[in-house]
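**Student:**
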Amino acid sequence: MWRYRPVLAFVGLGYVGLTTAVCFASRGFKVYGYDVDKEKVDNIMSGHPTFYEPGVDELLAKSLEEGNFRCVKSFRDLVWSSDVIFITVGTPSLPDGSTDLSFVEEASRCIGLTMRGAEGFKLVVVKSTVPPGTTEGLVKSMIESESKKTCGVDFGLCMNPEFLREGSAVYDTFNPDRIVIGEFDERSGEALEKLYKMFYGDNVPPILRTSTVNAELIKYASNAFLATKISFINMIARLCQKLPKADVTVVAQGMGLDRRIGPHFLRAGLGWGGSCFPKDVLSLINLGRKLGAKQSIAEAAWQVNVEQPDEAIFMAKMEYPSLRDLRVAVLGLAFKPNTDDVRNAVSLHIINRLLEERAEVVVYDPAAMNNVRKIYGSTITYAKSPIDCIRDADLAIIVTEWDEFKELKPEDYKQYMRKPVVIDGRRIYDPVEYERLGVKMYAIGRTVHS
1300 MWRYRPVLAF VGLGYVGLTT AVCFASRGFK VYGYDVDKEK VDNIMSGHPT FYEPGVDELL
1360 AKSLEEGNFR CVKSFRDLVW SSDVIFITVG TPSLPDGSTD LSFVEEASRC IGLTMRGAEG
1420 FKLVVVKSTV PPGTTEGLVK SMIESESKKT CGVDFGLCMN PEFLREGSAV YDTFNPDRIV
1480 IGEFDERSGE ALEKLYKMFY GDNVPPILRT STVNAELIKY ASNAFLATKI SFINMIARLC
1540 QKLPKADVTV VAQGMGLDRR IGPHFLRAGL GWGGSCFPKD VLSLINLGRK LGAKQSIAEA
1600 AWQVNVEQPD EAIFMAKMEY PSLRDLRVAV LGLAFKPNTD DVRNAVSLHI INRLLEERAE
1660 VVVYDPAAMN NVRKIYGSTI TYAKSPIDCI RDADLAIIVT EWDEFKELKP EDYKQYMRKP
1720 VVIDGRRIYD PVEYERLGVK MYAIGRTVHS
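Going by my numbering, the sequence shown opens with residue 1300, and the numbers climb by one from there.
#1: Where does Thr1318 sit, in a helix, a strand or coil, going by DSSP?
#2: Based on DSSP bridge pairs, tell me the residues matched to Cys1457.
#3: When the Cα of Leu1565 is compared with those of Gly1573, Ala1545, Lys1528, Asp1476, which residue comes out closest?
#4: Consult DSSP for Gly1432 and reduce its assignment to one of helix, strand or coil.
#5: Have a look at Val1512 and Gly1432 and give me their C-alpha separation to the nearest angstrom.
#6: So what does DSSP say about Ala1406, is it helix, strand or coil?
#7: The alpha helix (DSSP H) spanning Lys1705 covers which residue range?
#8: Flag this pair as yes or no: are the beta carbons of Val1383 and Leu1307 separated by less than 7 Å?
#9: Determine the extent of the beta strand (DSSP E) in which Leu1307 is found, giving its start and end residues.
#10: Among residues of its own chain, excluding the 5 on either side of Val1641, which ones have a beta-carbon nearer than 7 Å to its beta-carbon?
#11: Only counting runs of 4 or more residues, tell me where the alpha helix (DSSP H) segments fall wholly within the segment 1326-1407, in order along the chain.
#12: Does the Cβ-Cβ distance between Asn1502 and Phe1576 come in under 7 Å?
#13: If contacts are defined as beta-carbon pairs under 8 Å, then Trp1601 and Ile1584 qualify, I think. What distance do you get, rounded to the angstrom?
#14: Taking Leu1653 as the reference, which of Gly1573, Val1627, Lys1589 has the closest Cα?
#15: Mind checking whether Gln1607 and Leu1569 have CB atoms under 7 Å apart?
#16: Return the Cβ separation of Thr1318 and Ala1490 in integer angstroms, given the expectation that the two are a contact with Cβ distance under 8 Å.
#17: In the DSSP assignment, find the unbroken alpha helix (DSSP H) run with Asp1711 in it and report its ends.
#18: Buried or exposed: which applies to Gln1540, given that a residue is buried once 16 or more other Cβ atoms fall within 10 Å of its Cβ?
#19: In chain order, what residues of the same chain lie with their CB nearer than 7 Å to the CB of Tyr1681, ignoring the 5 residues before and after it?
#20: Hey, which unbroken runs of the beta strand (DSSP E) at 3 residues or more fall wholly within the segment 1584-1660?
#21: One question on the structure: do Asn1533 and Ala1567 come within less than 7 Å of each other, judged by their Cβ atoms?
#22: Looking only at C-alpha atoms, which of Pro1394, Thr1387, Ser1574, Phe1323 sits nearest to Gly1366?
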């Protein structure tokens, strides 16, 4: 295939597209990016990503300075200048839980249209999360129709799912557990495998080459399984809250020591959110309904997660039967630490419930304040620090396990709160120690005394 480093193009410069692009560029690949959002493109070319992800700022600055990455405004320039074209556009959920493929369809149409006059073999790689059958259905058909070229002859096609964790995406790009290549034909698969071998050098991760349908399903199945594991331990946490002397953290530890189970994703809390788990679980459920293959476990995992944030409200009402006019500190807004992403975040549900109860809500997050301000405006109060957030509060709820919240001491809650009552929704504190030092603790998965 290539005797030189291929030139790469990324259609869609969101979380996955930009992160992957600058990682490749940082290792010497020539990379072009395209996005329909011109303001986003201007910000990126000024060295400012439109999302918070540790390490991306530095890699973007390095890639721009070295000239290995730049955005183009013309789709023709993007396609004609590149050898490998990654589709990294969004695939949000529709109201019925199915996947909105309009961005993938438009990207495929534009690639096909501009590929019509391009010379040389192009490899198109679908990195967006799409339902099984999309790559060889919608994408292949659209490109062939618009380009008047034949897949497997004039251009290659692969499905290459991403497994990046928000907050650790740069690390995950450089140190993946595996690379999954769903190939239309052997030539396409070999081309993408060669690209990754160039990228990883002496540290090539395990590479699984399979069909495009298997690759598409691997992504959905992986996320649904991880989400189910979290929902399972949250289900056990509810039992622990009703049983004397029970603690889900100990139960999870005992389970995790079994090598067949493992310790990962067995941390009880207020539920999972973000842009991937909810969307992918819903899409899997929807796909099962369409095919007559009911996804019962995924449906149960979804239902547990829908209910889980209300555990914080239940605990709040154990302490205060009425939350009206109480000052409630919400510590953490992003759906997980080290990101500013509040899509499907637990914090939003909790804030909404508190507002319904007529509580005074004050919030703090190291990264996600601006995103939440766009949603709530002046209906809630925005603190400048964790201490500022808990000052004069009647209740504090830990919603996201940021490190700076772990640094708060029992003395801080006692000194600054009107009444030191803490709901630990992420189990970041030792409840026994906090209670010994005079802080009233409610913790997910620990016996709740009425």
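We treat Cβ as the ideally placed atom computed from N, Cα and C, and that holds for glycine.
**Tutor:** With the given structure in hand:
#1: helix
#2: Looking at the DSSP assignment, Cys1457 forms a beta bridge with Val1424, Glu1482.
#3: Closest in alpha carbon position to Leu1565, among Gly1573, Ala1545, Lys1528, Asp1476, is Lys1528.
#4: In the three-state reduction of the DSSP assignment, Gly1432 falls in the coil class.
#5: 6 Å
#6: helix
#7: In the DSSP annotation of this structure, the continuous segment of the alpha helix (DSSP H) that includes Lys1705 starts and ends at 1702-1705.
#8: yes
#9: 1307-1310
#10: Leu1632, Ala1633, Phe1634, Leu1647, Ala1667, Asn1670, Val1671
#11: The segment 1326-1407 contains these whole alpha helix (DSSP H) runs: 1337-1344, 1355-1365, 1374-1379.
#12: Taking 7 Å as the cut-off, the beta carbon of Asn1502 is found no closer than this to the beta carbon of Phe1576.
#13: Between Ile1584 and Trp1601 the Cβ distance is about 7 Å, and since that is below 8 Å, they are a contact.
#14: Val1627
#15: Yes.
#16: Taking the Cβ atoms as the reference, Thr1318 lies roughly 22 Å from Ala1490, outside the contact range of under 8 Å.
#17: 1709-1715
#18: buried
#19: Val1662, Met1668, Arg1672
#20: 1626-1630
#21: Cβ distance < 7 Å, so Asn1533 and Ala1567 count as in contact.
#22: Phe1323
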